[in-house]
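S.K.: Sharing a structure below in structure tokens format, with a few things to ask.
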Amino acid sequence: MKKILRFSILSNEKKGFLRELEMYNTHTLLDLHRAIQTACDYDQSHLASFFMVNNNWEKKKEFTLIHMDAHTGIYSTEYMDNVQLKTVFTKPGDKMLYIFDHFSERGFMVMLRELYTANTDDLIPRLLHSEGSPPRQIKMGEAYIDNLLDSFSEN
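Here is the structure:
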């Protein structure tokens, strides 16, 4: 029988922000990415990554939105759509870092709060709770980011 995972999505830059989502354990990290993007009303065309972290939130492995060579970056990588949630979230308290703004290295803390058996009529994924407004998806006003974005829009 399928299990339901209940996640809390928190921001360290935006006080009062919280999203609680439920996903099946058979969903992928790509499905979780889309649910977070939808819950925050973000533009889904921007790059994002999940990171496995240790207890100090130090990055250990990256799960990417696009296919990459497994050993090109600083961390070993895997494509989000290849990873079911049950393989990276096994017990309450498990956590990941979700980076939605690669330019400024900004993201959310994703924590597994509960794990329970699904009823046959559960419509998942679903947003259970929404509190506060999310941080802006791309942080503008920093010269190097503005210049980079301007150069892309000129071409």
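Under numbering that gives the first Met the number 0, think of the first position of the sequence shown as 0, with each following residue one higher.
C-beta atoms are modelled at their ideal positions from N, C-alpha and C, and glycine is treated no differently.
Only a predicted model underlies this, so the values are computations on that prediction, with no experimental measurement involved.
How do the region 118–127 and the region 10–20 stand: do at least 3 beta-carbon pairs fall below 8 Å, yes or no?
M.R.: Yes, the region 118–127 is in contact with the region 10–20.
S.K.: On the CB-based measure, 16 or more other CB atoms within 10 Å of its CB, does Met79 come out buried or exposed?
M.R.: On the sequence shown, residue 79 is found 80 positions in, with the first residue counted as 1. Flag for Met79 reads buried.
S.K.: Identify the residues that DSSP records as bridge partners of Ser7: which are they?
M.R.: Along the sequence shown, one-based indexing puts residue 7 at 8. Paired residue(s): Glu19 and Met110.
S.K.: Among Ser7, Ser129 and His32, which residue has its Cα nearest to the Cα of Ser83?
M.R.: Stepping through the sequence shown from its first residue, residue 83 is reached at position 84. The sequence shown places Gln at residue 83, rather than the Ser named in the question. The residue with the shortest Cα to Cα distance from Gln83 is His32.
S.K.: Mind checking which residues open and close the alpha helix (DSSP H) that includes Lys122?
M.R.: Counting from 1 along the sequence shown, the entry for residue 122 is found at position 123. Before going further, note that residue 122 is Leu rather than Lys in the sequence given. No alpha helix (DSSP H) contains Leu122, which DSSP labels as neither H nor E.
S.K.: Using the three-state DSSP reduction, which class does Leu31 fall into: helix, strand or coil?
M.R.: Sequence index remark: in the sequence shown, residue 31 carries index 32 (1-based). Of the three classes helix, strand and coil, the one that applies to Leu31 here is helix, per DSSP.
S.K.: What first and last residue would you give for the alpha helix (DSSP H) that runs through Lys14?
M.R.: Against the sequence shown, residue 14 aligns to sequence position 15. Lys14 -> no alpha helix (DSSP H), and no H or E assigned at all.
S.K.: Look at Leu111 and Leu9 and say whether their C-beta atoms are less than 8 Å apart.
M.R.: Position 112 of the sequence shown holds residue 111. Position 10 of the sequence shown holds residue 9. For Leu111 and Leu9, no; Cβs fall outside 8 Å.
S.K.: Using the three-state DSSP reduction, which class does Asp100 fall into: helix, strand or coil?
M.R.: The sequence position of residue 100 within the sequence shown is 101, counting from 1. Strand, per DSSP.
S.K.: Could you give the distance in angstroms between the alpha-carbon of Leu96 and the alpha-carbon of Pro134?
M.R.: Counting from 1 along the sequence shown, the entry for residue 96 is found at position 97. Counting from 1 along the sequence shown, the entry for residue 134 is found at position 135. Cα to Cα, Leu96 sits roughly 15 Å from Pro134.
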